[in-house]
DNA sequence: TTATCTGCCTAACGTTTGTTAGGCAGCGTT
DNA sequence: AACGCTGCCTAACAAACGTTAGGCAGATAA
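Here it is, written out as structure tokens:
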């Protein structure tokens, strides 16, 4: 199986490559990987299909580049919050969790085009693509596992793992229904963090998530 | 846009149609919809590609049939539990929730091949396919919304909707990592139900979810 | 001026895809 | 015996796909 590389290359910024990357991310998100043709993609950026091979060695490499950037956004957002909420301080666990949940959701939705691929099309991506992106994903997941392990010292590692996967499922699935918008994302973040920590039976919910723009019927799916 | 029908037809049971349906469900789950070719699919059931058009009018109709069956499993499982846990009795809300969570996860994993499509490939399915399956989906979601509304009378409808979507995300994403097996699924169901209701800070977790066969590194993705 | 590199285009290639028209063996019914 | 239905096959179709080889205008450097 041929390896697929995509990271770096030259000085990173050339307008052509960047425009292809952005258009590809958007199309992969809207239509999926296989159903996106290089000809349509090229038309988006005012090129012809063959021309894109000057910037990317293959369609697979394009997907790898999109996914790598997406996961890089997530890792950077995590690191930023981790710096502000170090484990040493005796900050309440609930607040540390809330900060990380908010950061995850913000990074996810602010860079939706690049990050959503990890939710929607990583599973069925070509094997070579998955292999190329997996180290970055494992890295991010390991940070969360460590964090939750610190926050829940009396839970077994297996429980921590399953709780993390459940939390990821709750957060990441919002890609498919939560209307983008800072206020909305932050409100959902508070709801999820509060629910994850205190449960839903707790009557002391915050200021409330009213007027949330949830796509309640699913009919908005295009 | 041409409509796509698939439900019923004859007496339902003819070996040919049924074998195609099962093989298609499995292949769609493993490889995705577009990346599954009718020729490979036909080979699975010992046929040639053209022969399948005797049973299904198109590839899209095949996908519709798979998704319809999957959602039917879910609805039936819900109804079964709803009959045993009627709203009238003053059963603790926590127990009603736990029963429904367990039923959802069991139905999901016991019929994995048919149900998983709703998680993994509904979003990017052809528009005609989504339109054909959407009524069944809306029906199932409405049952859950009603249930959660009864269980959480002091939450706003918007909050209920978002909590449901979060719960669905946590449950449904397990399709991608939870090893099938009755014991495992039931243990995860108890963990999720307990976490959703009491939160993760509650120290009185049940007998514990040890030895859970979670695919912790994600490396198991094929 | 000449040479080199960047960035894109044209035109084609081989392959794979969903789909269809027509045929044919086996069976039960009349 | 003739008929019709079921269930599958063969062979081909047009369309779309990812990818490649070669070329060409413009800028930059020697």
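Chains as they are written, first to last, in my numbering: chain A, 1 to 222; chain B, 1001 to 1222.
Each residue gets a CB set at the ideal place from its N, CA and C atoms; glycine is no exception.
In this text the structure is predicted, and so the values were computed from the model without any measurement.
* Asked: Between the segment 1149-1169 of chain B and chain A, which residues of the former have a C-beta closer than 8 Å to a C-beta of the latter?
  -> 1152, 1154, 1155, 1156, 1158, 1159, 1161, 1162, 1163, 1165, 1166, 1167, 1168 and 1169
* Whose C-beta lies closer than 6 Å to the C-beta of residue 1056 of chain B among residues of the same chain, with five residues either side of it excluded? -> 1062
* Any 3 or more C-beta pairs closer than 8 Å across the segment 1101-1108 of chain B and the segment 1072-1081 of chain B -> yes
* By the 10 Å Cβ neighbour count, where 16 or more other Cβ atoms means buried, how is residue 214 of chain A classified, buried or exposed? -> The predicted position of residue 214 of chain A is uncertain, since its pLDDT is 46 and thus under 50; a value taken from the coordinates is nonetheless stated next. Label assigned to residue 214 of chain A: buried.
* Asked: Counting along the chain, where does the alpha helix (DSSP H) carrying residue 1079 of chain B start and finish?
  -> 1059-1084
* May I ask you to report which of helix, strand or coil DSSP gives residue 1152 of chain B? => coil
* Asked: Among the residues of its own chain, which have a CB less than 6 Å from the CB of residue 109 of chain A, if the five just before and after it don't count?
  -> 180 and 185
* To do: Determine the chain A residues that contact residue 1031 of chain B at a beta-carbon separation under 7 Å, and present them in chain order.
  => 124
* To do: With residue 1055 of chain B as the anchor, note down where its alpha helix (DSSP H) starts and where it stops.
  => From DSSP, residue 1055 of chain B is part of no alpha helix (DSSP H); its letter is neither H nor E.
* Asked: Among A/146, A/128, A/169 and A/42, which has the Cα closest to the Cα of residue 16 of chain A?
  -> A/42
* Using beta-carbon positions only, say whether residue 1226 of chain B and residue 162 of chain A come within less than 8 Å of one another. => A query on residue 1226 of chain B cannot be resolved here, the shown segment of chain B reaching from 1001 to 1222 and no further.
* Between B/1150, B/1156 and B/1118, which lies nearest to residue 1138 of chain B when the distance is taken from Cα to Cα? -> B/1118
* Asked: How would you write the range of the alpha helix (DSSP H) that residue 1157 of chain B sits in, first residue to last?
  -> 1157-1172
* chain A contact for residue 1173 of chain B (CB, 8 Å cutoff) -> yes
* Can you give me the Cβ contacts of residue 47 of chain A inside the same chain, cut-off strictly under 8 Å, excluding the 5 residues immediately before and after it? => 16 and 20
* To do: Decide if the segment 1120-1136 of chain B is in contact with the segment 112-126 of chain A; the criterion is three or more beta carbon pairs, one per stretch, under 8 Å apart.
  => yes
* To do: Give the C-beta separation of residue 1092 of chain B and residue 1150 of chain B to the nearest angstrom, bearing in mind that I take them to be a contact with Cβ-Cβ under 8 Å.
  => Contact flag wrong, Cβ pair sits at about 13 Å.
* **DSSP state of residue 105 of chain A mapped onto helix, strand, coil** => helix
* Asked: When the Cα of residue 1024 of chain B is compared with those of B/1051, B/1050, B/1059 and B/1128, which residue comes out closest?
  -> B/1059
* Under 8 Å, do residue 169 of chain A and residue 1169 of chain B count as touching if we go by C-beta distance? -> yes
* With 16 other Cβ atoms within 10 Å as the buried cut-off, status of residue 1125 of chain B -> buried
* Asked: What residues from the segment 1079-1090 of chain B come within 8 Å of chain A, judged by C-beta to C-beta, listed N to C?
  -> none
* For residue 1196 of chain B versus residue 1152 of chain B, is the C-beta spacing smaller than 8 Å? -> no
* Beta-carbon contacts of residue 143 of chain A that lie in its chain and below 7 Å, excluding the five residues immediately before and after -> 78
* Could you list the residues in the segment 1184-1201 of chain B with a C-beta less than 8 Å from some C-beta on chain A, going in chain order? => 1188, 1191, 1192, 1195, 1196, 1197, 1198, 1199, 1200 and 1201
* **Classification of residue 1183 of chain B by the beta-carbon crowding that lies within 10 angstroms, buried from 16 upward** => exposed
* Using a C-beta cutoff of 8 Å, does residue 1177 of chain B count as contacting chain A? -> yes
* Could you tell me whether any Cβ in chain B is nearer than 8 Å to the Cβ of residue 120 of chain A? => yes
* In whole angstroms, what separates the C-alpha of residue 1193 of chain B from that of residue 200 of chain A? -> 10 Å
* Please check the pair residue 1130 of chain B and residue 1145 of chain B, which I expect to be a contact at CB under 8 Å, by giving their CB distance rounded to whole angstroms. => Between residue 1145 of chain B and residue 1130 of chain B the Cβ distance is about 20 Å, and since that is not below 8 Å, they are no contact.
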